[in-house]
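Participant: Here the protein sequences line up with chains A and B, keeping their order.
With full-length UniProt numbering, the residue at position 130 of the first sequence is 130, and numbering never jumps.
With full-length UniProt numbering, the residue at position 2 of the second sequence is 2, and numbering never jumps.
Protein chains: 2
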Amino acid sequence: MQPLGSKADLVSVESIEQELTLLVRRAQKVHLRGGPTEQVVERAAYGILAWLHDTGPLRPSALAAHFHLDASTISRQVASLEQAGLITREADTEDRRAFRLRLTERGRDVLTTTRAERRGVVRKLLQSWSPEDLANFASLLAAFNAGLDKHLASDPNSTERSQR
Amino acid sequence: MQPLGSKADLVSVESIEQELTLLVRRAQKVHLRGGPTEQVVERAAYGILAWLHDTGPLRPSALAAHFHLDASTISRQVASLEQAGLITREADTEDRRAFRLRLTERGRDVLTTTRAERRGVVRKLLQSWSPEDLANFASLLAAFNAGLDKHLASDPNSTERSQR
DNA sequence: CGGTTATGGTTGGTACATGCAACCGCTTGG
DNA sequence: CCAAGCGGTTGCATGTACCAACCATAACCG
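1) Nearest chain B C-beta to residue 15(A) closer than 8 Å, yes or no?
2) Residue 143(B) to residue 99(A), Cα distance in whole Å?
3) DSSP three-state label for residue 101(B), please.
4) Measure how close the beta-carbons of residue 69(B) and residue 103(B) come, nearest whole angstrom, since I'm counting them as under 8 Å.
5) So, for residue 63(A): in the same chain, excluding its five sequence neighbours on each side, which residues have a beta-carbon less than 7 Å away from its beta-carbon?
6) Among 105(A), 44(A), 94(A), 96(A), which one has its Cα closest to the Cα of residue 78(A)?
7) Is it a yes or a no for the segment 88-96 of chain A touching the segment 121-139 of chain A, going by three-plus beta-carbon pairs under 8 Å?
8) Give the secondary structure of residue 9(B) by DSSP, where H, G and I count as helix, E and B as strand, and everything else as coil.
9) Checking 8 Å against the spacing of the C-beta atoms, do residue 101(B) and residue 60(B) come in under that value?
10) Taking 8 Å as the CB-CB cut-off, is residue 111(A) touching chain B?
11) If you measure from the beta carbon of residue 85(B) to each beta carbon in chain A, is any gap under 8 Å?
12) When you compare only the Cα positions, how much space is there between residue 161(B) and residue 29(A)?
13) In angstroms with no decimal places, state the Cα-to-Cα distance between residue 17(A) and residue 96(A).
14) Examine chain B for any beta-carbon lying closer than 8 Å to the beta-carbon of residue 151(A), and answer yes or no.
15) Would residue 7(A) pass as an interface residue toward chain B - the criterion being a Cβ-Cβ separation below 8 Å?
16) Does any residue of chain B bring its CB to less than 8 Å from the CB of residue 118(A)?
17) Where DSSP assigns a beta bridge to residue 89(B), which residues make up the other side?
18) Rounded to whole angstroms, what's the CA-CA distance from residue 172(A) to residue 149(B)? Just pull it up for me.
19) Measuring alpha carbon to alpha carbon, tell me which residue in 139(A), 136(A), 118(A) is nearest residue 42(A).
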């Protein structure tokens, strides 16, 4: 509809940057807990539980790579999840330095509950959207994340300081 | 195309929840700094600078409301921005308890630089997108933020603990 | 008025998230 | 077998955030 690099594109990029900034800032506080009487599941922990659940037993290093976080950060969060009885570490048969993390029964339960609540919030937020918009948003968001992933992977610090 | 509440909707909601979680987690680290030799502009500070710039002098309380953050959080960030010489406080003629925040010359410069860099990153991330997708993403993101804003405003804690 | 309550902001205390540097122990390659 | 490297942990520093307690001014009310 419009030539590449048109003014409308610029406006879109500006708007996207703006909205992302706001979203990320605000979303800090949308971290759910286990349930009514339940256990605390921290914001950071939820991501780990979900990823472990969806992709099977993983090493801490694999988690760090997925989230683009420092190994030390993962290490502490893993320790606390283990403490809480939501995950266990099992020996890695191929390397005795490492181990693999697996959800416990309880971890699965907590994840299920928490995930249901979070999805409930999202559903409520999106209740008035058309199916087309929903599907579109889902796929654009996924595409954006994929791009971000690549960006962070290739160029870990360009976003910290643009140049030296 | 599909009946309301269809399976496809559920899948979209699930996917959106997932992608948002990942995005927010990863985006933590995409906070830019002032420039080559420049001053640190923290992630949080950037949002404040940008909002002050775009909507004129504001009270701290207005910032807190916009970001849905505690007044104390804003207070400290404002103090540090003032310290850095990026904003000034001017008396509020209507209420001597309050004051209004305004960007300084330097604040405007730093914002301009930082914003340009951030937009550059976003542009790079989105360089292969079609104009349609860009425009779509921008408007869906804005709509989502608007919904989130309403949600947080009406029901400040439902996302902290779903019920009692 | 004069006292009580409400509102705008700040400060102290605390918790969580995160990165970097230093370290420990196993693995791997001369 | 020793040196270099990798996986993970721990100490330390920072940034972001909330709540509770506080101060000062404003608004209300009898």
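Just so it is clear, CB atoms sit at the ideal spot from N, CA and C, and this is done for glycine as well.
These figures come from a predicted structure and were not determined experimentally.
Facilitator: Looking at the atomic coordinates:
1) So yes, residue 15(A) belongs to the interface.
2) 43 Å
3) strand
4) A Cβ-Cβ separation of about 19 Å leaves residue 69(B) out of contact with residue 103(B) under the 8 Å criterion.
5) 48, 51, 74
6) 44(A)
7) no
8) helix
9) yes
10) no
11) no
12) Confidence in residue 161(B) is poor, its pLDDT being 43 and thus under 50, which makes the residue's placement too unreliable to answer from.
13) 44 Å
14) yes
15) Chain B has no Cβ within less than 8 Å of the Cβ of residue 7(A).
16) yes
17) 101(B)
18) Nothing can be reported for residue 172(A), as the shown portion of chain A is limited to 1 through 164.
19) 118(A)
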